[in-house]
Structures are given as structure tokens and as C-alpha cells.
Amino acid sequence: DQQVKQNSPSLSVQEGRISILNCDYTNSMFDYFLWYKKYPAEGPTFLISISSIKDKNEDGRFTVFLNKSAKHLSLHIVPSQPGDSAVYFCAASFLDSNYQLIWGAGTKLIIKP
Amino acid sequence: DTEVTQTPKHLVMGMTNKKSLKCEQHMGHRAMYWYKQKAKKPPELMFVYSYEKLSINESVPSRFSPECPNSSLLNLHLHALQPEDSALYLCASSLSLGSRLGSNQPQHFGDGTRLSIL
Numbered sequence: 179d180q181q182v183k184q185n186s187p188s189l190s191v192q193e194g195r196i197s198i199l200n201c202d203y204t205n206s207m208f209d210y211f212l213w214y215k216k217y218p219a220e221g222p223t224f225l226i227s228i229s230s231i232k233d234k235n236e237d238g239r240f241t242v243f244l245n246k247s248a249k250h251l252s253l254h255i256v257p258s259q260p261g262d263s264a265v266y267f268c269a270a271s272f273l274d275s276n277y278q279l280i281w282g283a284g285t286k287l288i289i290k291p
Numbered sequence: 122d123t124e125v126t127q128t129p130k131h132l133v134m135g136m137t138n139k140k141s142l143k144c145e146q147h148m149g150h151r152a153m154y155w156y157k158q159k160a161k162k163p164p165e166l167m168f169v170y171s172y173e174k175l176s177i178n179e180s181v182p183s184r185f186s187p188e189c190p191n192s193s194l195l196n197l198h199l200h201a202l203q204p205e206d207s208a209l210y211l212c213a214s215s216l217s218l219g220s221r222l223g224s225n226q227p228q229h230f231g232d233g234t235r236l237s238i239l
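Which chain is which? The protein sequence lines are A and B, in order.
Going by the working numbering, the first residue of the first sequence is number 179, and it counts up by one from there.
Going by the working numbering, the first residue of the second sequence is number 122, and it counts up by one from there.
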């Protein structure tokens with residue numbers, strides 16, 4: 179049973195526009211959510227995270243929104259840049275076992291010039 | 122540039138060889154992790170060290186043997202691997218395993234070692 183789902187395998191966005199990546203989860207006990215970006219032949223790079231006690235966290239061009247009632251989070255990238263083309267993974271964890279990241283399958287973001 | 126450094130970047134070995142993967146971080150993190158990642162899949166947790174002690178072993182075969190010589194270094198010793206063990210091996214670190222609600226302790230990953238078993 180996949181507890182963290184990224185239903186869009188890929189997303190194509192025009193440079194300069196907003197990219198919105200979505201993630202749904204099934205376990206309401208998750209305490210912490212993270213977004214990672216991964217380029218080919220590199221390890222995942224931590225982007226931004228949000229605790230379950232918040233509904234928004236912002237860092238530069240990246241904003242993560244958490245809707246606990248809908249069990250949904252999204253990553254907004256504004257404006258999108260060519261270097262943002264990568265695979266984006268959503269992950270979740272519990273407070274008492276925060277070593278265990280439950281990963282989504284990833285969404286490949288392509289920024290078109 | 123990643124703050125978690127892994128060597129070597131690529132490794133090709135036969136099934137009878139013994140080799141080691143190395144990981145180093147100087148961020149003062151006290152939790153370190155080994156992951157295995159297959160193509161187009163998320164990373165799979167293998168081992169977790171906390172304050173240089175093995176805390177979690179996710180039922181990994183004994184042909185993989187982790188070692189944490191000090192708080193900055195993490196090794197993964199390989200022996201008698203199988204072709205299906207070919208994968209990207211990632212090391213990660215975080216401030217600690219303990220956390221409190223609202224705290225931010227993400228795992229930071231190295232670029233991995235691409236391992237091929239002949």
C-alpha cells in the first residue's frame with residue numbers, strides 16, 4: 179500500500195511560469211513532509227520541508243502548502259527556471275521514527291524555454 | 122556542491138571481490154544513513170547510525186556490512202555481492218534521530234556510488 183503518492187509521472191511548464199507539483203498521502207499520522215529534487219547521476223537534494231503543525235512554508239522561489247484535511251501537499255516554484263528541470267520526490271515521516279522516509283514515486287519536471 | 126561526500130563515484134566489481142564504499146560529512150550531524158536506489162525508484166533505507174552506533178538494519182543481507190569509525194565517516198563493506206545488488210548507493214546524514222514536532226531535520230544526501238556487479 180503506497181502511503182505517499184505522486185500521481186503525475188511528468189509535468190511540462192513554460193520557463194517563467196509557475197510549476198505546481200502535487201503529492202497525496204493516506205496516513206494522517208505523518209508529522210513531517212519534505213520535497214527533494216534529483217538530477218540524473220546525483221543524489222537527492224533537499225529543497226524544502228513542512229511540519230504538520232503548519233500549512234505553508236516558503237523559501238525563495240519555493241513554497242510548500244499542506245492541506246491536512248485533504249491529505250494533500252503541493253510544491254510551487256515561481257518563476258520556473260531551466261535548472262529546475264529534474265525529478266521531484268515528495269517524502270513523509272513520523273515524529274517517533276523520523277529516520278524512515280516514506281517516498282512518493284517522483285514527478286519529472288521539464289521546463290521549456 | 123553536496124556537503125556529504127561519497128567515494129568512489131563508480132565501482133565495478135566481480136562477485137568474489139571485497140570492496141568498500143566511503144561517506145564523509147563535516148556538518149556535525151550525528152545520524153548517518155545508507156540507502157540503495159534502483160533506476161526510476163525512490164531510495165530504499167538499508168542502515169541507520171546514531172552517535173556512531175547502528176540503530177536500524179532494514180533486514181539487509183550480511184554481504185553488506187556497515188561501519189561507522191567516527192562521527193564524520195561511514196563505510197559500507199561489500200563482499201560476495203550478486204548481480205541484483207547493482208544500484209546507486211546513497212549516503213545521507215541528519216542532525217540527529219531525535220526530533221520534536223515542528224523541528225526541521227532533513228536528511229542530506231551525497232551523490233552516491235554507482236555500483237555494478239559483474
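All C-beta atoms in this analysis are idealised placements derived from N, C-alpha and C, irrespective of residue type, glycine included.
Check, Outcome
"Using a Cβ-Cβ cut-off of less than 8 Å, list which residues of the stretch 218-231 of chain A approach chain B; keep chain order.", "A219, E220, G221, P222, T223, F224, S227, S229, S230 and I231"
"Work out the CA separation of L199(A) and E124(B) for me, nearest whole Å.", "26 Å"
"Going by DSSP, name the residue or residues bridged to Y170(B).", "M153(B) and L175(B)"
"Let me confirm a value: L199(B) is counted as buried when at least 16 other C-beta atoms fall within 10 Å, else exposed. Which label applies?", "buried"
"When DSSP labels each residue in this structure, what does P291(A) get in the three-state scheme?", "coil"
"Starting from F243(A), follow the beta strand (DSSP E) in both directions and report where the run begins and ends.", "F240 to N245"
"Which partner residues of C212(B) appear in the DSSP bridge assignment?", "W155(B)"
"Excluding the five sequence neighbours on either side, which residues of its own chain have a C-beta within less than 8 Å of the C-beta of Q158(B), listed in chain order?", "P164, E165, A208, L209, Y210, L211 and G233"
"Tell me whether the stretch 276-286 of chain A and the stretch 184-197 of chain A touch, counting them as touching only if at least three CB pairs, one residue from each stretch, are closer than 8 Å.", "yes"
"Would you please verify whether the beta carbon of K143(B) is less than 9 Å from any beta carbon of chain A?", "no"
"How would you call V271(A), buried or exposed, if buried means at least 16 neighbouring beta carbons within 10 angstroms?", "Reading off the sequence shown, one finds Ser at residue 271(A), where the question assumed Val. When all chains shown are included, S271(A) counts as buried."
"What did DSSP end up calling D262(A) once you bin it into helix, strand or coil?", "helix"
"What is the DSSP secondary structure of P187(B), reduced to helix, strand or coil?", "strand"
"Would you tell me roughly how many angstroms separate the C-alpha atoms of D237(A) and L142(B), rounded to the nearest one?", "34 Å"
"Let me confirm a value: D233(A) is counted as buried when at least 16 other C-beta atoms fall within 10 Å, else exposed. Which label applies?", "exposed"
"Using a Cβ-Cβ cut-off of 7 Å (strictly less than) and excluding sequence neighbours within five positions of N276(A), which residues of its own chain qualify?", "Y210"
"By the 8 Å beta-carbon criterion, what residues does the stretch 270-284 of chain A contribute toward chain B?", "L273, N276, Y277, Q278, L279, W281, G282, A283 and G284"
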